[in-house]
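Asks: Right, I'll just put the structure down here and ask away after.
Protein chains: 2
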Amino acid sequence: MIGSRPTIEDVARLAGVSRATASRVINNAPGASEPLRSRVQQAVAQLGYQPNETARALASGRQRTIDLIAADYHPDLSPGAHPYYSRVLTGAMTALEGVNVQLRIHVVARKGAAERIDAMAADTTVGAILANVTPDLASRFYSRCRKVVSLVPTAASVPAVEAENINGAYAAVEHLHGLGRRRIAAIHGPGFNTCAIDRRAGYQKAVNTFGLSDISHGGGFTREGGYAAALALLTEHPDLDAIFATCDLMAAGAIQAITSTGRRVPEDVAVIGFDDSFAAICTNPPLTTMRLPTEEMAAAATRLLLAGGVASGLRQRFAVQLVPRESTGRAPK
Amino acid sequence: MIGSRPTIEDVARLAGVSRATASRVINNAPGASEPLRSRVQQAVAQLGYQPNETARALASGRQRTIDLIAADYHPDLSPGAHPYYSRVLTGAMTALEGVNVQLRIHVVARKGAAERIDAMAADTTVGAILANVTPDLASRFYSRCRKVVSLVPTAASVPAVEAENINGAYAAVEHLHGLGRRRIAAIHGPGFNTCAIDRRAGYQKAVNTFGLSDISHGGGFTREGGYAAALALLTEHPDLDAIFATCDLMAAGAIQAITSTGRRVPEDVAVIGFDDSFAAICTNPPLTTMRLPTEEMAAAATRLLLAGGVASGLRQRFAVQLVPRESTGRAPK
DNA sequence: CCTTCTCGTGAGAGCGCTCCCACGTCTATC
DNA sequence: GATAGACGTGGGAGCGCTCTCACGAGAAGG
Numbered sequence: 154m155i156g157s158r159p160t161i162e163d164v165a166r167l168a169g170v171s172r173a174t175a176s177r178v179i180n181n182a183p184g185a186s187e188p189l190r191s192r193v194q195q196a197v198a199q200l201g202y203q204p205n206e207t208a209r210a211l212a213s214g215r216q217r218t219i220d221l222i223a224a225d226y227h228p229d230l231s232p233g234a235h236p237y238y239s240r241v242l243t244g245a246m247t248a249l250e251g252v253n254v255q256l257r258i259h260v261v262a263r264k265g266a267a268e269r270i271d272a273m274a275a276d277t278t279v280g281a282i283l284a285n286v287t288p289d290l291a292s293r294f295y296s297r298c299r300k301v302v303s304l305v306p307t308a309a310s311v312p313a314v315e316a317e318n319i320n321g322a323y324a325a326v327e328h329l330h331g332l333g334r335r336r337i338a339a340i341h342g343p344g345f346n347t348c349a350i351d352r353r354a355g356y357q358k359a360v361n362t363f364g365l366s367d368i369s370h371g372g373g374f375t376r377e378g379g380y381a382a383a384l385a386l387l388t389e390h391p392d393l394d395a396i397f398a399t400c401d402l403m404a405a406g407a408i409q410a411i412t413s414t415g416r417r418v419p420e421d422v423a424v425i426g427f428d429d430s431f432a433a434i435c436t437n438p439p440l441t442t443m444r445l446p447t448e449e450m451a452a453a454a455t456r457l458l459l460a461g462g463v464a465s466g467l468r469q470r471f472a473v474q475l476v477p478r479e480s481t482g483r484a485p486k
Numbered sequence: 154m155i156g157s158r159p160t161i162e163d164v165a166r167l168a169g170v171s172r173a174t175a176s177r178v179i180n181n182a183p184g185a186s187e188p189l190r191s192r193v194q195q196a197v198a199q200l201g202y203q204p205n206e207t208a209r210a211l212a213s214g215r216q217r218t219i220d221l222i223a224a225d226y227h228p229d230l231s232p233g234a235h236p237y238y239s240r241v242l243t244g245a246m247t248a249l250e251g252v253n254v255q256l257r258i259h260v261v262a263r264k265g266a267a268e269r270i271d272a273m274a275a276d277t278t279v280g281a282i283l284a285n286v287t288p289d290l291a292s293r294f295y296s297r298c299r300k301v302v303s304l305v306p307t308a309a310s311v312p313a314v315e316a317e318n319i320n321g322a323y324a325a326v327e328h329l330h331g332l333g334r335r336r337i338a339a340i341h342g343p344g345f346n347t348c349a350i351d352r353r354a355g356y357q358k359a360v361n362t363f364g365l366s367d368i369s370h371g372g373g374f375t376r377e378g379g380y381a382a383a384l385a386l387l388t389e390h391p392d393l394d395a396i397f398a399t400c401d402l403m404a405a406g407a408i409q410a411i412t413s414t415g416r417r418v419p420e421d422v423a424v425i426g427f428d429d430s431f432a433a434i435c436t437n438p439p440l441t442t443m444r445l446p447t448e449e450m451a452a453a454a455t456r457l458l459l460a461g462g463v464a465s466g467l468r469q470r471f472a473v474q475l476v477p478r479e480s481t482g483r484a485p486k
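So the protein lines, in turn, are chains A and B. With the first sequence counted from 1, adding 153 to any position gets you the numbering used here. With the second sequence counted from 1, adding 153 to any position gets you the numbering used here.
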């Protein structure tokens, strides 16, 4: 990077071998004798040689990059504004540990999304992880480049790593019901988000099963949305004894709203979230939530890509687990 | 990516021009007549041609990648576990909008950090943004590759974009003092973190200025640490009327700890944080905090790199601003 | 009408590496 | 002792692109 870096040519010359032999030693491929090996290694050390990854990629056709595509349809759901993406990042990085592959981040905005997708699909990489990309864009991407894995429920053909959102939402309501709560409202995410759709379905299934009334409100997956929704819900149904917020950020807002009306959490109104993100531990009281194994899912998607085997329609499912804290009653210690 | 993609050669052949002319049109460089221009463009469209960025980078020597290096010295401060990094990401992505440059993320662990640094320094990129990299590693990186910008206070020679941590911490205490609080404790970050060191210095400066006693405790920049620190502080100094937590996550823990002792926030103990991250809006009551302009700083660092002008010792300073919410008293609406 | 300048165009040399293939040399086999 | 096989080694083509340079045609000037 500074001045002109030594090339493999320089190494070969210094070691008195051919470029081919130097390459073999550097990639520790078989077919080089011990004496030459050490001479090359010495030359590498002496020159401080580091292979040029760009040239390597071009010559070998092997790729060293995985793309992480984050959809940015809404400012509040952008990668910087939502804790979700940090976890995706961590999971992907974990799977990449030790493998010489780099993670590249892309944020695709609503406008111009299709063009961006096409350009990225054409780019030569190991593959792409789709975080919160809508099904239509996902299938477009898939048909253009094949090597993609979605982290959210998506078009049937697109390979995906999915959480059991429906079961998870059902379990959340079941937990509340088991605690004796009977007026259980839900705050839902945006309709364009497939996870939000599934969680809503789970809530409705539970409500039907337990013979409760469906008390729903939109909250847009944001803290502000959750706050406003809880306030509206409480005004219209003052007898609510529990709220299921389909993401933690909304649950945090809900707790604040409930408290602001003079009610106590969990004594008067129990609150359960979904995700188990930062937000869950920052609330007061700490939030009972359904843990989405985001890191594990992102890691699985990464490994799938690395292995090269992403068959059309592939589905890998992850269970969602209850994490009891204090917002639904004393947490078991 | 799927099958063999068309190359510029194919485009040139189809358009009946040379590779050089095709390249000119594709990069819309001057020196191509209108008739040929449109013929090439048509060929591009017909073949669905997309340039191979790897080949481009190799041939031109121009780079299309910026590295974001996140140090991972401690599990609780890892990119996935701390809200800070999401904001860095957002800032960098914002600055990259419209520029055809990709962001690459690296997490460097304590062990093997030096080697990773060397390898990355050798890699051909536009440059690197150092988030929370220790001064010694930063200067090593800098001496190896030159094109780096640190986001935290660092070695003198290394270019950096810095927040006014000292002044910010001072202002936080000043705010508390202005509210009539006199027993103001602080919960500090880890000693290896340069931001933590500066914030501590700011606290001490304020304490001296206002003639208060220095009541400090470590909290490791984590929620758990903040919780434990507040509890310890309250036990040893039951008369505390304010806590300055040098990051929001610790402040969130502190609020929970204070509440658990039966005290009220802000009536009995006022709490002020630092950062203005997710955590600040999730606490109950919402957290008064010092806003660190992380997004702006990351964007500035990115632009510096893009412009190519990172002079040794460069310093770009950012002010830290008070964001009054409810944890220090009724927020001015 | 010849020179000079301009400008569009294509040939071709790389960028730094990988990898196939041909060429020894050395040992095993009949 | 001739032949086959194994193995280490280097030559060189080529990955897909950019970019310099030389060339030829047309416009401008004396």
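Ideal Cβ placement from N, Cα and C applies to all residues, glycine included.
1. Excluding sequence positions up to five away, which residues of its chain have a Cβ less than 8 Å from the Cβ of Leu386/A?
2. Using the three-state DSSP reduction, which class does Leu283/A fall into: helix, strand or coil?
3. For Tyr202/B and Gln195/B, I'd like the C-alpha separation in whole angstroms.
4. What did DSSP end up calling Asp271/A once you bin it into helix, strand or coil?
5. I'd like to check one pair, Ala404/B with Val302/B: are the Cβ atoms closer than 7 Å?
6. Measure the alpha-carbon distance for Ile270/A versus Ala223/A and round it to whole angstroms.
7. To the nearest angstrom, how far is the alpha carbon of Leu384/A from that of Arg416/A?
8. By Cβ distance, which residues of its chain are closer than 6 Å to Ala322/B, with the 5 residues on each side in sequence left out?
9. Within 7 Å (strictly less), CB to CB, does Val254/A reach chain B?
10. Considering just the uninterrupted stretch of the alpha helix (DSSP H) at Thr412/A, what are its terminal residues?
11. Hey, how far is the Cα of Tyr295/B from the Cα of Ala284/A?
12. With a floor of 3 residues, list each beta strand (DSSP E) that falls wholly inside the segment 424-450 of chain B, ordered by position along the chain.
13. State the CB to CB distance for the pair Thr375/A and Ile425/A, rounded to an integer number of angstroms; the pair is presumed to be in contact (CB under 8 Å).
14. From the beta carbon of Cys435/B, is the nearest beta carbon of chain A less than 7 Å away?
15. Could you please give me the residues that DSSP links to Arg470/A through a beta bridge?
16. Would you mind sorting Gln199/A into buried or exposed? The rule is 16 or more other CB atoms within 10 Å of its CB.
17. Could you pull out every residue in the same chain whose Cβ sits closer than 7 Å to the Cβ of Asn437/B, ignoring the five residues on either side in sequence?
18. From Met246/B to Ala281/B, what does the alpha carbon distance come to, in whole angstroms?
19. Identify, in the order they occur along the chain, each residue of the same chain with its Cβ nearer than 6 Å to the Cβ of Ala168/B, setting aside the five sequence neighbours on each side.
20. Is Ala210/A close to chain B, meaning its C-beta is less than 7 Å from at least one C-beta of that chain?
21. Going by other Cβ atoms of all chains shown within 10 Å of its Cβ, with 16 needed for buried, is Lys486/B buried or exposed?
22. What separation, rounded to the nearest whole angstrom, lies between the Cα atoms of Gly251/B and His259/A?
23. Alpha carbon to alpha carbon, how far is Thr287/A from Pro312/A? Give it in angstroms, no decimals.
24. Would you kindly work out how many angstroms separate the C-alpha atoms of Leu304/B and Ala460/B, rounded to a whole number?
25. Beta-carbon separation of Ile219/B and Val279/B under 7 Å?
26. Could you give the distance in angstroms between the alpha-carbon of Gly406/A and the alpha-carbon of Gly331/B?
27. For Arg376/B, would you say it is in contact with chain A, using Cβ-to-Cβ distances shorter than 7 Å as the test?
28. Throw me the rounded Cβ distance for the Ala325/B and Met450/B pair, which I believe falls under 8 Å.
29. Any idea if Asp429/B is buried or exposed, counting beta-carbon neighbours within 10 angstroms, 16 or more meaning buried?
Replies: Once the coordinates are examined:
1. Ala338, Ile340, Ile368, His370, Leu393, Ile396
2. strand
3. 10 Å
4. helix
5. no
6. 11 Å
7. 11 Å
8. Arg352, Gly355, Tyr356
9. no
10. 401-413
11. 34 Å
12. 441-444
13. About 18 Å separates the two Cβ atoms, so there is no contact after all.
14. yes
15. Glu315/A
16. exposed
17. none
18. 14 Å
19. Arg192, Val193, Ala196
20. yes
21. The pLDDT assigned to Lys486/B is 34, lower than 50, so where the model puts this residue is not dependable, and the model offers no usable value.
22. 12 Å
23. 13 Å
24. 17 Å
25. yes
26. 29 Å
27. yes
28. That belief does not hold up - the Cβ atoms of Ala325/B and Met450/B are roughly 19 Å apart, past 8 Å.
29. buried
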